[in-house]
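Residue 128 in my numbering is what sits at position 101 of the sequence shown, and the numbering runs on without skipping anything.
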Amino acid sequence: MSGETVITIIGNLVDEPEMRWTPAGAAVCKFRVASTPRTFDRQTNEWKDGESLFLPCSVWRQQAEHAAESLQKGMRVIVQGRLKQRSYEDREGVKRTVFEVDVEEVAPSLLRATAKVTKTAGSGGQRPEVQQAARQQGAASAGDPWAQNMPGTQPAGGGWGQQGGQGGGYADEAPPF
């Protein structure tokens, strides 16, 4: 959307990611990221920490499940999303304003760590009992971009999922470089 404030934060997770489901069955994972600026003091020849910024973050649906499984407290992460401002009145009647990030992308930082990425079949970010009902009905997740290239399915047209070089595509097992 035009006029939204897109922000990228690099920092550490302050809490363990908390996974919940909405009454409609959509998954949401909440976590807080602390980002602390550092500056070099030439007089003392040392790095100095600035004031930490703590931002609550929410990630939704299938990505919420992936975040809850993959991230843990203390981990350095890169978060990109839309900065939102929300005002409310607390129990004492005092008006408060909070800033939150509606997460588009979240990933572990590889500055001082390694990670192994694994594609998932996907659950669509639904409550486990909703997932089970969908499996029993034989429904495929329409919102899962990887579903068309799952083993045992034929991809529509050329692309990455085709074997044997047909249609100019590449198999997932053999990257094009």
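Don't be surprised by glycine CBs; every beta carbon is placed ideally from N, CA and C.
Is it buried or exposed for residue i, if we count other Cβ within 10 angstroms and need 16 for buried?
{"i": "G185", "result": "Note that G185 scores 41 on pLDDT, short of 50, meaning its location in the model is unreliable and no value can be drawn from it."}
{"i": "I36", "result": "buried"}
{"i": "P44", "result": "buried"}
{"i": "G77", "result": "exposed"}
{"i": "G38", "result": "buried"}
{"i": "E92", "result": "buried"}
{"i": "Q21", "result": "Past the boundaries of the shown model lies residue 21; the chain is included only from 28 to 204, so the question cannot be answered."}
In terms of residues, what are the limits of the alpha helix (DSSP H) holding residue i?
{"i": "E92", "result": "R88 to S97"}
Among the options, whose alpha-carbon lies nearest the alpha-carbon of residue i?
{"i": "T141", "options": "L98, R113 and E119", "result": "L98"}
{"i": "L82", "options": "R113, M46 and R139", "result": "R113"}
{"i": "R59", "options": "E119, P50, S79 and L138", "result": "S79"}
{"i": "V128", "options": "A61, Q89 and R69", "result": "A61"}
{"i": "I34", "options": "I105, M46 and L40", "result": "I105"}
Which same chain residues, not among the five before or five after residue i, have their C-beta less than 7 Å away from its C-beta?
{"i": "Y115", "result": "R123"}
{"i": "S29", "result": "none"}
{"i": "D42", "result": "F58, R59 and K100"}
Note down, in chain order, each residue of its chain lying with its Cβ closer than 8 Å to the Cβ of residue i, except the 5 sequence neighbours on either side.
{"i": "W74", "result": "R65, T66, F67 and D68"}
Which first and last residues belong to the beta strand (DSSP E) in which residue i is found?
{"i": "T124", "result": "K122 to P135"}
{"i": "D68", "result": "R65 to D68"}
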